[in-house]
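Visitor: Pasting in a structure now, in structure tokens, and then I'll have a few things to ask.
In UniProt numbering, the protein residues as written are 1 to 476.
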């Protein structure tokens, strides 16, 4: 029975309806959790979130950004992910084909937009992943032949020499793409096995790094700054746009990344439950990363530059590295340099696991594009090499010029708001009540119920958020 026949002939009681079986499926709920976390836990949490939080810090603190970012988890990211989980599990197709089945041929372009935005994000994301690969090598080299950088100027010099004055970013960009592409060629079994190891290891390293950073002298100054409000920040439209787009980037909301993974889910896998718990876990990881970076920066600068004012420290946080892109890469080595020999080992492990996390996220991006090509008749063994080559070529400008990377990061992060509107239109066109009951509540087993409150957020509040933010930002 095809999905179309199923949707047309289904009865309210679905207990005796045979579910269309995917050619492969996740072996357990744990595999789903780690694989879906793997799609989004990565450099977006560890590199991007502390950087965006720093850039949106007001003179008194960062709390306003954190509050708005947290609110968007429930009013944007989680509802968008619910749509992705639901249509992936129900239609068993790529985003493009899911939009076609739900809305008709005239709306295929909506799915094409979502897929294109995510593909273009992966083109510069692989550059940042290449940076992680390089820092694994560099920290091993520094640990074996000398010492990790003891202060911010020394560490910044290392980052700038790599990012702006060498060919390493291009080579590492290619290496990152090849490593991720190999896992995609292997299919869901490879992805599941890789993430079952990579994600728990990364989480342990992040928690350990956080615990060490907050124990440092004067680290509480950084934590206090992070959680101090400055109400004037509410008037800045860029803060609101960054809060929404960063939460979407953190969780992968409206990227279409979850749709391919959800095609491997069965009716027993709860999409409402997963779309609530997994993004919440993801945001928890982001907060740990921000606490780690802010406590490290304040602790180090207060001890090494005691005359520096809070305003001066905030400016250093905002401007770390060329184009303000080096916050994590500059300060993590400085943190571990304070721990001696153990710090060298931990620093290598940190960037190794950050590389693992980036690979798991890039795997999801490639899986999305690869599945899309499969839906158009191109086998995975041919489609994935096409994706690999295209990603490398389109990402080259970002690897060669860091200002281009920063521009791409803002442009396509902003475009995620438009991708969210596409998913909201899908629910409205398909039928709000029909989506709630047919695609989610009746089709799923052992799941939380999708309530009318969530549906109001999806079809009323979220569209108003997106349009309002886009108009406000444009007028400003």
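We put the CB at the ideal spot given by N, CA and C, even for glycine.
Near residue 151, what residues of its chain come up, given a Cβ to Cβ distance below 8 Å and the 5 sequence neighbours on each side ignored?
Guide: On the chain shown, position 151 is the one that residue 151 refers to. Correct list, in chain order: 300, 304, 334.
Visitor: Does DSSP put residue 265 in a helix, a strand or coil?
Guide: To locate residue 265, count along the chain shown from 1; it is residue 265. Coil.
Visitor: Could you check the C-alpha separation between residue 298 and residue 315 for me, to the nearest Å?
Guide: Taking the first residue of the chain shown as position 1, residue 298 is located at position 298. Taking the first residue of the chain shown as position 1, residue 315 is located at position 315. Those two C-alpha atoms are separated by around 12 Å.
Visitor: Would the region 63–77 and the region 348–357 be scored as touching if the rule is three or more Cβ pairs under 8 Å?
Guide: Because the criterion of three Cβ pairs below 8 Å is not met, the region 63–77 and the region 348–357 do not touch.
Visitor: Exposed or buried, what is residue 433 when buried is set at 16 or more other beta-carbons lying within 10 Å of its beta-carbon?
Guide: Residue 433 sits at position 433 when you count from the first residue of the chain shown. When all chains shown are included, residue 433 counts as exposed.
Visitor: Counting C-beta neighbours from all protein chains within 10 Å, is the total for residue 166 16 or more, i.e. buried, or is it exposed?
Guide: As a first step, residue 166 must be located in the chain shown, where it is residue number 166. Residue 166 comes out exposed.
Visitor: Flag this pair as yes or no: are the beta carbons of residue 108 and residue 121 separated by less than 7 Å?
Guide: The count along the chain shown starts at 1 and reaches residue 108 at position 108. The count along the chain shown starts at 1 and reaches residue 121 at position 121. Not in contact: residue 108 and residue 121 (Cβ atoms no closer than 7 Å).
Visitor: Anyone know if the C-beta pair for residue 79 and residue 462 falls short of 7 Å?
Guide: Numbered from its first residue, the chain shown carries residue 79 at position 79. Numbered from its first residue, the chain shown carries residue 462 at position 462. It is a contact, given that the beta carbons lie within the stated cut-off.
Visitor: At a cut of 8 Å, does the region 363–378 reach the region 209–227 through at least three beta carbon pairs?
Guide: Result no; under three Cβ-Cβ pairs closer than 8 Å.
Visitor: Mind checking whether residue 158 and residue 350 have CB atoms under 7 Å apart?
Guide: One-based indexing of the chain shown puts residue 158 at position 158. One-based indexing of the chain shown puts residue 350 at position 350. No. Outside cutoff.
Visitor: In angstroms, rounded to a whole number, what distance separates the CA positions of residue 21 and residue 263?
Guide: The residue labelled residue 21 in the question sits at position 21 within the chain shown. The residue labelled residue 263 in the question sits at position 263 within the chain shown. Because residue 21 sits at a pLDDT of 49, beneath the cut-off of 50, its placement in the model cannot be relied upon, and the following sentence gives the value as read from the coordinates. Approximately 9 Å, taken between the alpha carbons.
Visitor: Distance, Cα to Cα, residue 179 vs residue 329?
Guide: Walking along the chain shown from the start, residue 179 turns up at place 179. Walking along the chain shown from the start, residue 329 turns up at place 329. Rounded to whole angstroms, residue 179 to residue 329 spans 21 Å at the Cα level.
Visitor: Excluding the 5 residues flanking residue 134 on each side, which residues of the same chain have their C-beta closer than 7 Å to its C-beta?
Guide: For the purposes of this step, residue 134 is taken as the residue at position 134 of the chain shown. The residues are 162, 168, 172.
Visitor: Using the beta-carbon count (16 or more within 10 Å), is residue 141 buried or exposed?
Guide: Counting from 1 along the chain shown, the entry for residue 141 is found at position 141. It counts as exposed.
Visitor: Closer than 6 Å by C-beta to residue 384: which residues in its own chain qualify, once you throw out the five before and the five after it? Chain order, please.
Guide: Here residue 384 refers to the residue found at position 384 when the chain shown is read from its first residue. Counting only Cβ-Cβ distances below 6 Å, and skipping sequence neighbours, we find 181, 184, 185, 370.
Visitor: Throw me the rounded Cβ distance for the residue 270 and residue 84 pair, which I believe falls under 8 Å.
Guide: Position 270 of the chain shown, counted from the start, is the residue given in the question as residue 270. Position 84 of the chain shown, counted from the start, is the residue given in the question as residue 84. Actually they do not touch by this definition, with Cβ atoms about 14 Å apart.
Visitor: Taking residue 243 and residue 69 to be in contact with their CB atoms under 8 Å, please state how far apart those CB atoms are, rounded to whole angstroms.
Guide: As a position in the chain shown, residue 243 is number 243, starting the count at 1. As a position in the chain shown, residue 69 is number 69, starting the count at 1. Going by Cβ atoms, the distance from residue 243 to residue 69 rounds to 4 Å, so yes, they are a contact pair.
Visitor: Alpha carbon to alpha carbon, how far is residue 302 from residue 218?
Guide: Your numbering for residue 302 matches position 302 in the chain shown. Your numbering for residue 218 matches position 218 in the chain shown. Cα to Cα, the separation comes out at about 7 Å.
Visitor: Can residue 127 and residue 415 be called in contact, C-beta distance under 7 Å?
Guide: The sequence position of residue 127 within the chain shown is 127, counting from 1. The sequence position of residue 415 within the chain shown is 415, counting from 1. Result no, Cβ atoms of residue 127 and residue 415 do not sit closer than 7 Å.
Visitor: Quick one: residues in its chain with C-beta nearer than 7 Å to the C-beta of residue 408, no 5 flanking neighbours on either side, listed in chain order?
Guide: To locate residue 408, count along the chain shown from 1; it is residue 408. Only 124, 398 meet the Cβ criterion.
Visitor: Excluding sequence positions up to five away, which residues of its chain have a Cβ less than 6 Å from the Cβ of residue 308?
Guide: For the purposes of this step, residue 308 is taken as the residue at position 308 of the chain shown. Counting only Cβ-Cβ distances below 6 Å, and skipping sequence neighbours, we find 301.
Visitor: Taking the alpha helix (DSSP H) that residue 237 falls in, what are its first and last residues?
Guide: For the purposes of this step, residue 237 is taken as the residue at position 237 of the chain shown. Its alpha helix (DSSP H) spans residues 237–251.
Visitor: In terms of alpha-carbon separation, which member of 424, 313, 94, 381 lies closest to residue 221?
Guide: Position 221 of the chain shown holds residue 221. Closest option to residue 221, Cα to Cα, is 313.
Visitor: To the nearest angstrom, report how far apart residue 52 and residue 417 are at their CA atoms.
Guide: For the purposes of this step, residue 52 is identified with residue 52 of the chain shown, where counting begins at 1. For the purposes of this step, residue 417 is identified with residue 417 of the chain shown, where counting begins at 1. The alpha-carbon atoms of residue 52 and residue 417 are separated by roughly 17 Å.
Visitor: Would you kindly check if the distance between the Cβ of residue 90 and the Cβ of residue 382 is under 7 Å?
Guide: In the chain shown, the residue the question calls residue 382 occupies position 382. In the chain shown, the residue the question calls residue 90 occupies position 90. Against a cut-off of 7 Å, the Cβ pair of residue 90 and residue 382 comes out as no contact.
Visitor: Using only CA atoms, which one of 396, 139, 64 lies nearest to residue 342?
Guide: Along the chain shown, read from residue 1 onward, the residue named residue 342 stands at position 342. Out of 396, 139, 64, 139 has the C-alpha closest to the C-alpha of residue 342.
Visitor: How about residue 427 and residue 458: do their beta carbons lie closer than 7 Å?
Guide: Your numbering for residue 427 matches position 427 in the chain shown. Your numbering for residue 458 matches position 458 in the chain shown. Going by C-beta atoms, residue 427 is nearer than 7 Å to residue 458.
Visitor: Please confirm whether any heavy atom of the ligand COA lies closer than 6 Å to the CB of residue 452.
Guide: Ligands are entirely absent from the displayed structure, and the ligand COA is therefore not among its contents.
Visitor: Tell me whether residue 45 sits in a helix, a strand or coil according to DSSP, three-state version.
Guide: Within the chain shown, numbered from 1, the residue matching residue 45 stands at position 45. Helix.
Visitor: So, using beta-carbon positions, are residue 425 and residue 275 closer together than 7 Å?
Guide: Your numbering for residue 425 matches position 425 in the chain shown. Your numbering for residue 275 matches position 275 in the chain shown. No, the pair does not count as a contact, with Cβ atoms beyond the cut-off.
Visitor: Our contact map puts residue 493 next to residue 239 with C-beta atoms below 8 Å; I'd like the distance itself, whole angstroms only.
Guide: Residue 493 cannot be examined here, being either before or after the span of the chain that is shown, 1 to 476.
Visitor: Using CA atoms only, rank isn't needed, just tell me which of 177, 421, 208 is closest to residue 347.
Guide: For the purposes of this step, residue 347 is taken as the residue at position 347 of the chain shown. When each option's Cα is compared against that of residue 347, the closest is 208.
Visitor: In the structure shown, what three-state DSSP assignment does residue 477 receive?
Guide: Here the chain covers residues 1 to 476 and nothing more, so residue 477 does not appear.
Visitor: May I ask you to report which of helix, strand or coil DSSP gives residue 21?
Guide: By 1-based counting over the chain shown, the position of residue 21 is 21. Note that residue 21 has pLDDT 49, beneath the 50 cutoff, so the model's placement of it is unreliable and the number below is only indicative. Correct three-state label for residue 21: coil.
Visitor: Any idea if residue 59 is buried or exposed, counting beta-carbon neighbours within 10 angstroms, 16 or more meaning buried?
Guide: On the chain shown, residue 59 is found 59 positions in, with the first residue counted as 1. Residue 59 is exposed by the Cβ-count criterion.
Visitor: When the Cα atoms are used, what is the spatial distance from residue 155 to residue 292?
Guide: One-based indexing of the chain shown puts residue 155 at position 155. One-based indexing of the chain shown puts residue 292 at position 292. If I take the Cα positions, the gap works out to 17 Å.
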